[in-house]
């Protein structure tokens, strides 16, 4: 079976690199501790609210939509999915909403996976398992983690400790990948501190996605732009010179002055 361990790391890295503006925003936030502290305090307040805030998410949605959800006497909510009507409890609604949020992330990985070597093998295995490609990737990650935990347990480590160790390893690896994908942007900001990231031309991003480092890609595009500016200025100067020469050659010739001709002999 296709080994998705390294593949998953590549997927996370590549997917993250797609949102360049978000990465630059992170860098700016890190350079502005006051801004980061303000946002963090807001996040902490949200965390302190507990399950009440979680329920408010659904109540806000109901208020914004202008329609209260249909409910049964037993408190279940009526929903329609794929054309089928069903009734779910609030907890079931929360669970399925979270699945929907996770789906967006996994789908992004799946879209990237299709363009990578070995993708067809993964898609084939997914079809054999009866799962969608997205669900198959999620299940593969779960199996890999269970396998790592089992390996630690066989070495004599308590299952609870093994779970903690694998969670910690995953967090450390996620942070390593995060810093690794941000490094090109750190380097760019240090090299071009006065350049607005929004002004980076699309061609530079295309070169970057093709494997060129961002600094070199931007420098190449800038050199091309400068050469084009010089060539355009040269062409404009030539055009002005030709226009001036044409004006001189087409100027009317004055008739000879008889007095001057007689004076000069």
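Numbering (the UniProt record's numbering), first residue to last: 1 to 265.
Every residue gets a Cβ at the ideal spot worked out from N, C-alpha and C, and that includes glycine.
For clarity, every value in this text was computed on a predicted model and none was experimentally measured.
- With distances taken between CA atoms, residue 187 lies nearest to 214 out of 144, 214 and 123.
- Of the residues assessed, residue 164 falls on the exposed side of the cut-off, its CB having fewer than 16 other CB atoms within 10 angstroms.
- Residue 170: member of the alpha helix (DSSP H) spanning 159-191, first to last residue.
- Counting C-beta pairs closer than 8 Å gives three or more between the segment 211-227 and the segment 181-201, which meets the contact rule.
- Just so you know, the alpha carbons of residue 147 and residue 208 end up roughly 36 Å apart.
- Counting other Cβ atoms within 10 Å of its Cβ, residue 235 stays below 16 and is therefore classed as exposed.
- Residue 140 is classed as buried because its beta carbon has at least 16 other beta carbons within 10 Å across all chains shown.
- Just so you know, the alpha carbons of residue 160 and residue 137 end up roughly 25 Å apart.
- Under the DSSP assignment, residue 154 falls in the alpha helix (DSSP H) whose first and last residues are 133-154.
- For residue 202, the uninterrupted alpha helix (DSSP H) segment begins and ends at 202-209.
- Within a 10 Å sphere around the beta-carbon of residue 122 sit 16 or more other beta-carbons, which makes this residue buried.
- The C-beta distance from residue 166 to residue 182 rounds to 25 Å, too long to fall under 8 Å, and the pair is not in contact.
- Cβ-Cβ separation between residue 149 and residue 133: approximately 25 Å, too far for a contact (criterion under 8 Å).
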